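Q: Chains as they are written, first to last, in the numbering used here: chain F, 292 to 515; chain W, 15 to 262.
Structure (structure tokens):
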């Protein structure tokens, strides 16, 4: 096992970097998607509720691997058939889109639950002062909602990080793909997958520890 | 409004409010003049809180008109935010913003709505805190305050926009008995300064001492209204008499 690390540490590290890059990019987009659809879900405007529900249920009803195939192979093929003969998506772009849409649907639910966990008297008090809906959301409701959402967001981060392994199927050079490549060369199936598993574990445990610290810091001064 | 006299602050005409099939306000008509302190009394479920919440349209109005300084808040195209800046509201459960300091709670609206600079809002905020006796709590967070202190901060926050109407929705109902007095005395001072006030409260003593008018509601209607002397000491309607017998 040590031999694998000695021979392939550069490749493993590089692919881990790709994994983290994909996770981070996707989570940033997912946060925005979640914010938008989450708010659409809690407004009193029926049409927006409907759009948000269709998005969340639709995306959650499709396995990530299918979504990845669809964005990487299906969508470019369709666009090429419309006459854009040179249209292509890189594995990173397609992967980020698929993972962002997937995580975005879950984030929308996290936002919805977070916003609904804030007492409705908070919105009423803000509105009674003459603040508009957007300002009240931004200054009063969301800061409190996000605080309660932090554990769920961390959880989604970890899930998405693990989900990046699924994107090895579209050839994205992340950690699991690297594992596949190394196994194909040295046939040490046990050793390679043990090491890959260990790397995921170390990264995720470290991240969740850091996140716990952040969570504690954010809550200081606001014990209720 | 041609039908409104200059000193009319609030004019309510044929106000009706339903929640689904339940009609909570059935036909409310009244007029409140500048400087009046109106106390709404009535059994729970009589519609008094709903009535209060219709005045700044925290509840959508089913039908009828509510004029605030001549502006019909029941109208579809009304600029509600502008009207609300003129109406302070104090809630039963305070509804302070727990993630902001006491001072930030007070300065949020004037600063965000660009009524004052940060500096002006701070000065105004400190002045208001002094008025409610809580200057030293400016940097505290709401969860660190007692119920009475929270409600006094809530009053200061509601005053930050310089409203000329104040609405109180059972401001002392969630307080421990020993803290009721401090909140009522702030309200009393406000009344003496000439603020137009509408209060839903069960504090009969406050109504007798401070109110210029008492409105007794039951079943979605105004049953009886008049001076505290008329309504509380010499009620005419059987429902008012019945209610007062239970609470006094």
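The beta-carbon is built from N, C-alpha and C at its ideal position, and this holds for glycine as well. Only a predicted model underlies this, so the values are computations on that prediction, with no experimental measurement involved.
1. Would you give the residue range spanned by the alpha helix (DSSP H) that residue 467 of chain F belongs to?
2. Tell whether a beta-carbon distance below 7 Å holds between residue 427 of chain F and residue 440 of chain F.
3. Do the stretch 320 to 333 of chain F and the stretch 384 to 404 of chain F make contact, defined as three or more Cβ pairs closer than 8 Å?
4. Chain F partners of residue 206 of chain W, CB-CB under 8 Å?
5. Drop a sphere of 10 angstroms on the beta-carbon of residue 119 of chain W, count the other beta-carbons inside from all chains shown, and report buried for 16 or more, exposed for fewer.
6. Ignoring anything shorter than 4 residues, give me the alpha helix (DSSP H) runs that lie fully in the stretch 127 to 183 of chain W, in order along the chain.
7. Output, in chain order, the set of chain F residues within a Cβ distance shorter than 9 Å of residue 103 of chain W.
8. What are the partner residues of residue 236 of chain W, as DSSP defines its beta bridges?
9. Is it buried or exposed, residue 10 of chain W, if we count other Cβ atoms within 10 angstroms and call 16 or more buried?
10. Examine the Cβ distances between the stretch 446 to 463 of chain F and the stretch 311 to 324 of chain F and report whether three or more of them are shorter than 8 Å.
11. Determine, using beta carbons only, whether residue 198 of chain W and residue 156 of chain W come nearer to each other than 7 Å.
12. Let me know if residue 492 of chain F comes out buried or exposed under the rule of 16 or more other beta-carbons within 10 Å of its beta-carbon.
13. Check the Cβ of residue 517 of chain F against every Cβ in chain W and list those closer than 9 Å, keeping chain order.
14. To the nearest angstrom, how far is it from the Cα of residue 502 of chain F to the Cα of residue 476 of chain F?
15. Could you compute how far the alpha carbon of residue 295 of chain F sits from the alpha carbon of residue 482 of chain F?
16. Could you have a look at residue 348 of chain F and say whether DSSP puts it in helix, strand or coil?
17. Taking the alpha-carbon of residue 142 of chain W as reference, which of W:159, W:162 and W:168 has the nearest alpha-carbon?
18. Should residue 436 of chain F and residue 412 of chain F be called a contact, given that it needs their Cβ atoms to be closer than 7 Å?
19. Are there 16 or more other CB atoms within 10 angstroms of the CB of residue 165 of chain W, so buried, or fewer, so exposed?
20. Could you tell me how far apart the beta carbons of residue 490 of chain F and residue 307 of chain F are, in whole angstroms, since I believe they sit closer than 8 Å?
21. Quick check on the DSSP output: the alpha helix (DSSP H) that includes residue 424 of chain F runs from which residue to which?
A: So, to answer that:
1. 466 to 477
2. no
3. yes
4. Those within 8 Å of residue 206 of chain W in chain F number zero; the least Cβ separation is about 24 Å.
5. buried
6. 132 to 145 and 161 to 173
7. 415, 416, 419 and 420
8. W:231
9. Nothing in the structure corresponds to residue 10 of chain W, since chain W is present only between 15 and 262.
10. Yes: the two stretches touch, three or more of their Cβ pairs being nearer than 8 Å.
11. no
12. exposed
13. Because chain F in this structure spans residues 292 to 515, residue 517 of chain F falls outside the shown range and cannot be described.
14. 37 Å
15. Computed Cα separation, rounded: 8 Å.
16. helix
17. W:168
18. No; because the gap between Cβ atoms is not below 7 Å, this pair is not in contact.
19. So residue 165 of chain W counts as buried.
20. Confirmed, about 6 Å.
21. From DSSP, the alpha helix (DSSP H) with residue 424 of chain F extends over 424 to 427.
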